[in-house]
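**Q** One structure, pasted below without further comment.
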Amino acid sequence: MDWSALHVSLTLAVLTTLALLPVGLALARWLAVTAWAGRPVVEALLLLPLLLPPTVIGFYFLVAFGQGSALGAWLAASGIRLVFTLEGLLLVSVLVNLPFMVQPIQRAFAAVPHSLREAAWVSGLSTWQTFWRIELPLAWPGLLAGMALTVAHTLGEFGVVLMVGGNIEGETRTLSVSLYDKVQGMDLQSAHVMALALVGISLLALSLVLAFDRVGQRGRALQER
Amino acid sequence: MQGLQVQLRSASPIRLEAEFDCGAGELVALVGPSGSGKTSMLRAIAGLWTPADVQGHIRVAGQAWLDTALGVQLSPQERRAGLVFQHYALFPHMTAKANVALAAGPGWSDADVQTLLGRLGLAELSERRPSQLSGGQQQRVALARALVRVMPRPTAGDVTAPQVLPGVLLLDEPFSAVDSPTRQTLYRELAALRQKVSVPMVLVTHDLAEARRLADRVVIVDAGQTLQTGEPARVFASPRNARVAELVGIQNHFEGRFLKGEGGWGRLRWTDVASSDHGLDLAVFDKNKIDDGTLVTWVLNGEQVDVMADGELPSTTEPGYTRLRCQLLEVLSLGEITLCTLKPEALPSQTITLNLTSRLLRRLQVGAGGWVQLLIAPGALHIMPVRTK
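Top line first, the protein sequences correspond to chains F and A.
Its first residue numbered 1, the first sequence is counted upward by one per residue in the working numbering.
Its first residue numbered 226, the second sequence is counted upward by one per residue in the working numbering.
If you want it as structure tokens, here you go:
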């Protein structure tokens, strides 16, 4: 078992989730209620990482932040290196995980009946109070589902990690990359252990997602009665 | 100035021409078919819907909630409107008590909220969530949540005199989602509530019987317009125009032409179609409001029509009574009441519908196909000029 790779994987998963949560929450709440005509375009952009091969995203990331680009050169001059670092990996991980975080949260907010917002307003609650006391408590299963999906997907990410992060032990070598290494090195015993660990973690995360989704559906059913 | 005054005008997104008021402690029902705009009017009072081009005002107890002339528009939070939503819109993740406490002002303590819930028969249920309550119980929680917005802090002991409060209570079809026995109970509770709190109450309903039973006054709404306001009995007996008559479901609604006479009397020529000249004449009062020859629609109030046996002479000799020989086309016994359809001999294309007591028909010894005489008092005829719009 490559413990340092497990550590990198878990660190990346937790940091990605924490960084993405406020961004995803704001985007999801906005998309759930906005009547703006450009909404489908924003939604399509957010879903794009689901369809594109990870290598495409990794490639553009390298083009944008590599030493050859003006941005990369300027960042390097400021002492910030994003290629082949955990920071860079974190940035690209946030990007590719946007749909996994935003989708369930958006669905959860959209399922809150508008009449509940109105009931809160006529009860004297400000828009902000309505969000904290009514909408968020009702949408929390969606938030948990989004977080669990993000963790699971980050752990399973391979192509984009290899392209952007490379394979640096203790820095960017995640469990999935390490597994690839072990198979290449014919160390099938270690590969089995790590593959099993990834299966276990993903299964747990997905079970949580489904459980939260069920809670969310029950909540919605109650509101519609 | 106490009570609620509403005057709104807008052209889009829907046409709106609303004008009505509601005194403190009065219950006014906005009645109209679905899509007529009555719920929009209620939402406008609560501040949940304000058309961009709206002109007019909404005033409550002298305070302007909306006044386009002065540029005043309060937010829903600033208006003291207790709104009971059609499907209650209770917060599903909160207990009954928390739902009410959320809307309570700073003067309300936990015990005050519990007292209010107790008054509505919810004392034992205050810790339950909406999903654990029946439809009628949910409705009472919604009512409590609305009341808490317009009531001052409940004082110790029972309130004897109705209190005057600076808010409005708005009820959006609140009885539509509960079964009939529960509805009867809630009707009684609403009546009891009105003894205790004195705020303007506006009820939106499409149910005429409900409006008639609960409201002090009804406002007939159609296509975004308030057509007529008045006491239920008055509006039902004297609809302002044909559309109102149609909306309040009046039977015996006919067409004709008004002909002026002398000495305060005129004639109503009942015709097959409005433009026809052929018809039968009925004596009516001439109040000098309608010009000679005007096309009119008119309503016969069945409660002021006497039925006699064919050939019997009338006991009254008062002027203005019209005798009309009719054939019974259909006789439908509904227990105490018998629904009869009659065809006037002189105008066989028309039919009159009357609710007669079954006893009367037994006494007259007539059935379907038989003949009777109708004695029509001039007051039974309500005449309206044809609506030209």
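Even glycine gets a Cβ: it sits at the ideal position worked out from N, Cα and C.
Computed from a predicted structure; not experimentally measured.
1. Give the interface partners of F:Ser115 over in chain A, defined as CB-CB distance under 8 Å, in chain order.
2. Which bits of chain A does F:Ile105 rub up against, with CB to CB less than 9 Å?
3. Closest to A:Arg587 by CA distance: which of A:Pro603, A:Gly560 and A:Gly455 is it?
4. Where A:Val389 and A:Ala249 are concerned, what is the direct C-alpha to C-alpha distance, given to the nearest angstrom?
5. Pair every Cβ in the segment 266 to 273 of chain A with every Cβ in the segment 292 to 308 of chain A, then say whether three or more of these pairs are closer than 8 Å.
6. Can you tell me which of the three DSSP states A:Pro406 falls into?
7. So the alpha helix (DSSP H) F:Phe109 belongs to, where does it begin and stop?
8. How many angstroms separate the CA atom of F:Gly159 from the CA atom of A:Thr264?
9. In chain F, which residues lie with their C-beta within 7 Å of the C-beta of A:Pro610?
10. Just the C-alpha distance for F:Leu98 and F:Arg81, rounded to the nearest angstrom, thanks.
11. Note down, in chain order, each residue of its chain lying with its Cβ closer than 7 Å to the Cβ of F:Val209, except the 5 sequence neighbours on either side.
12. By Cβ distance below 7 Å, which residues in the same chain neighbour F:Leu15 in space, the five residues on each side in sequence not counted?
13. By Cβ distance below 6 Å, which residues in the same chain neighbour A:Leu368 in space, the five residues on each side in sequence not counted?
14. Taking A:Thr340 as the reference, which of A:Ala321, A:Asp506 and A:Glu543 has the closest Cα?
15. Give me the Cβ distance between A:Ile577 and A:Asn513, rounded to the nearest whole Å; I'm assuming they're in contact under 8 Å.
16. By DSSP, does A:Lys614 sit in helix, in strand, or in coil?
17. Could you run through the segment 119 to 141 of chain F and flag, in chain order, every residue whose CB is less than 8 Å away from some CB of chain A?
18. On a CA-only basis, which of A:Ala571, A:Thr454, A:Thr410 and A:Trp290 is nearest A:Arg365? Give me that one, please.
19. Looking only at its own chain, which residues have a Cβ that is under 6 Å from the Cβ of A:Arg198, when we skip the five neighbours before and after it?
20. If contact means a Cβ-Cβ distance below 8 Å, which residues of the segment 294 to 305 of chain A contact chain F?
21. Count the other C-beta atoms from every protein chain shown that fall within 10 angstroms of the C-beta of A:Met609, then say buried if there are 16 or more, exposed otherwise.
22. Select from A:Leu572, A:Leu553, A:Gln575 and A:Pro573 the residue whose C-alpha is nearest the C-alpha of A:Thr566.
23. If the criterion is Cβ atoms closer than 9 Å, does the pair A:Thr547 and A:Thr563 meet it?
24. Taking 9 Å as the CB-CB cut-off, is A:His318 touching chain F?
25. Please list, in chain order, the residues of the segment 362 to 373 of chain A that have any C-beta partner in chain F closer than 9 Å.
26. From the beta carbon of A:Ala328, is the nearest beta carbon of chain F less than 9 Å away?
27. Name, in chain order, the residues that DSSP records as bridge partners for A:His625.
28. Determine the direct distance from the alpha carbon of F:Leu86 to that of F:Ala77, and round the result to whole angstroms.
29. Check each candidate in A:Asp447, A:Arg482, A:Gly481 and A:Trp333 and name the one with the smallest Cα separation from A:Glu471.
30. Given a threshold of 16 other Cβ atoms within 10 Å of its Cβ, counted over all protein chains shown, does A:Leu241 qualify as buried or as exposed?
31. Would you mind telling me which residues of chain F sit closer than 8 Å to A:Leu347, beta carbon to beta carbon, in chain order?
32. Would you mind giving the Cβ-Cβ distance between A:Thr451 and A:Ala605, rounded to the nearest angstrom? I have them listed as a contact below 8 Å.
33. Should F:Val41 be labelled buried (16 or more other beta-carbon atoms within 10 Å of its own) or exposed?
34. How about A:Cys247 and A:Met376: are their beta carbons less than 9 Å apart?
35. Report the neighbours of A:Leu559 on chain F: residues whose CB is nearer than 9 Å to its CB, in chain order.
36. By the DSSP assignment, the alpha helix (DSSP H) with F:His153 in it spans what residues?
**A** According to the structure shown:
1. Within the first sequence, the letter at position 115 stands for residue 115 of chain F. Result: Phe310, His312 and Ala314.
2. Translated into the one-based positions of the first sequence, residue 105 of chain F becomes position 105. Neighbours of F:Ile105 on chain A: none; closest Cβ ~17 Å, over 9 Å.
3. Residue 587 of chain A sits at position 362 when you count from the first residue of the second sequence. Among A:Pro603, A:Gly560 and A:Gly455, the Cα nearest to that of A:Arg587 is on A:Gly560.
4. Counting from 1 along the second sequence, the entry for residue 389 of chain A is found at position 164. Counting from 1 along the second sequence, the entry for residue 249 of chain A is found at position 24. Reliability of the predicted coordinates at A:Val389 is poor, the pLDDT of 48 falling under 50, and no value is obtained from them.
5. yes
6. Taking the first residue of the second sequence as 1, we reach residue 406 of chain A at position 181. Here A:Pro406 sits in helix by DSSP.
7. Locating residue 109 of chain F in the first sequence gives position 109, where the first residue counts as 1. Note, F:Phe109: alpha helix (DSSP H), Leu86 to Ala110.
8. The residue given as residue 159 of chain F occupies position 159 in the first sequence. The residue given as residue 264 of chain A occupies position 39 in the second sequence. Each residue's alpha carbon lies about 56 Å from the other.
9. To locate residue 610 of chain A, count along the second sequence from 1; it is residue 385. What A:Pro610 touches in chain F: nothing, since even the nearest Cβ is about 42 Å away.
10. Taking the first residue of the first sequence as 1, we reach residue 98 of chain F at position 98. Taking the first residue of the first sequence as 1, we reach residue 81 of chain F at position 81. Approximately 23 Å, taken between the alpha carbons.
11. Here residue 209 of chain F corresponds to residue number 209 of the first sequence, with the count starting at 1. So the list reads Ala145, Ala148 and Leu149, once near-sequence residues are dropped.
12. Start at 1 with the first residue of the first sequence, and residue 15 of chain F comes out as number 15. So the qualifying residues of the chain are Leu90.
13. Counting from one through the second sequence, the residue named residue 368 of chain A turns up at place 143. Within the same chain, A:Leu368 has close Cβ partners Val309.
14. Here residue 340 of chain A refers to the residue found at position 115 when the second sequence is read from its first residue. Measuring from the Cα of A:Thr340, the nearest candidate turns out to be A:Ala321.
15. Position 352 of the second sequence, counted from the first residue, corresponds to residue 577 of chain A. Position 288 of the second sequence, counted from the first residue, corresponds to residue 513 of chain A. That pair is no contact at about 28 Å.
16. The residue you call residue 614 of chain A lines up with position 389 of the second sequence. A caution first: A:Lys614 carries a pLDDT of 42, below 50, which makes its placement in the model too unreliable to give a value.
17. Ala119, Ala120, Trp121, Val122, Ser123, Gly124, Leu125, Ser126, Arg133, Ile134, Pro137 and Leu138
18. Mapped onto the second sequence, residue 365 of chain A falls at position 140. When only C-alpha atoms are compared, the closest one is A:Thr410.
19. This structure does not reach residue 198 of chain A, given that chain A is present from 226 up to 614, and the question cannot be answered.
20. Ser300, Pro301, Gln302 and Arg304
21. To locate residue 609 of chain A, count along the second sequence from 1; it is residue 384. Burial call: buried.
22. Residue 566 of chain A sits at position 341 when you count from the first residue of the second sequence. That would be A:Leu553, whose Cα lies nearest to the Cα of A:Thr566.
23. The count along the second sequence starts at 1 and reaches residue 547 of chain A at position 322. The count along the second sequence starts at 1 and reaches residue 563 of chain A at position 338. Not closer than 9 Å, so no.
24. Locating residue 318 of chain A in the second sequence gives position 93, where the first residue counts as 1. Chain F, which has a Cβ nearer than 9 Å to the Cβ of A:His318, makes this yes.
25. Gln363, Ala367, Arg370, Ala371 and Val373
26. Within the second sequence, residue 328 of chain A is the residue found at index 103, counting from 1. Yes, its Cβ sits closer than 9 Å to a Cβ of chain F.
27. Because chain A is modelled from 226 through 614, residue 625 of chain A falls outside the range shown and cannot be assessed.
28. As a first step, residue 77 of chain F is located in the first sequence; it is residue number 77 there, counting from the start. As a first step, residue 86 of chain F is located in the first sequence; it is residue number 86 there, counting from the start. Whole-angstrom Cα-Cα distance: 19 Å.
29. The residue you call residue 471 of chain A lines up with position 246 of the second sequence. The shortest Cα separation from A:Glu471 among A:Asp447, A:Arg482, A:Gly481 and A:Trp333 belongs to A:Asp447.
30. Position 16 of the second sequence holds residue 241 of chain A. It counts as buried.
31. For this step, residue 347 of chain A is matched to residue 122 along the second sequence. Within chain F, no residue comes near A:Leu347; the closest Cβ sits about 17 Å away, beyond 8 Å.
32. Residue numbering aside, residue 451 of chain A sits at position 226 when the second sequence is read from its first letter. Residue numbering aside, residue 605 of chain A sits at position 380 when the second sequence is read from its first letter. The Cβ separation is near 28 Å, so there is no contact.
33. Translated into positions along the first sequence, residue 41 of chain F becomes position 41. The residue in question, F:Val41, is exposed, as its Cβ has fewer than 16 Cβ neighbours within 10 Å.
34. Within the second sequence, the letter at position 22 stands for residue 247 of chain A. Within the second sequence, the letter at position 151 stands for residue 376 of chain A. For A:Cys247 and A:Met376, no; Cβs fall outside 9 Å.
35. Numbered from 1 along the second sequence, position 334 holds the residue referred to as residue 559 of chain A. Residues of chain F passing the Cβ test: none, with the nearest at roughly 36 Å.
36. Within the first sequence, the letter at position 153 stands for residue 153 of chain F. Leu136 to Gly156 is the span of the alpha helix (DSSP H), which, as asked, contains F:His153.
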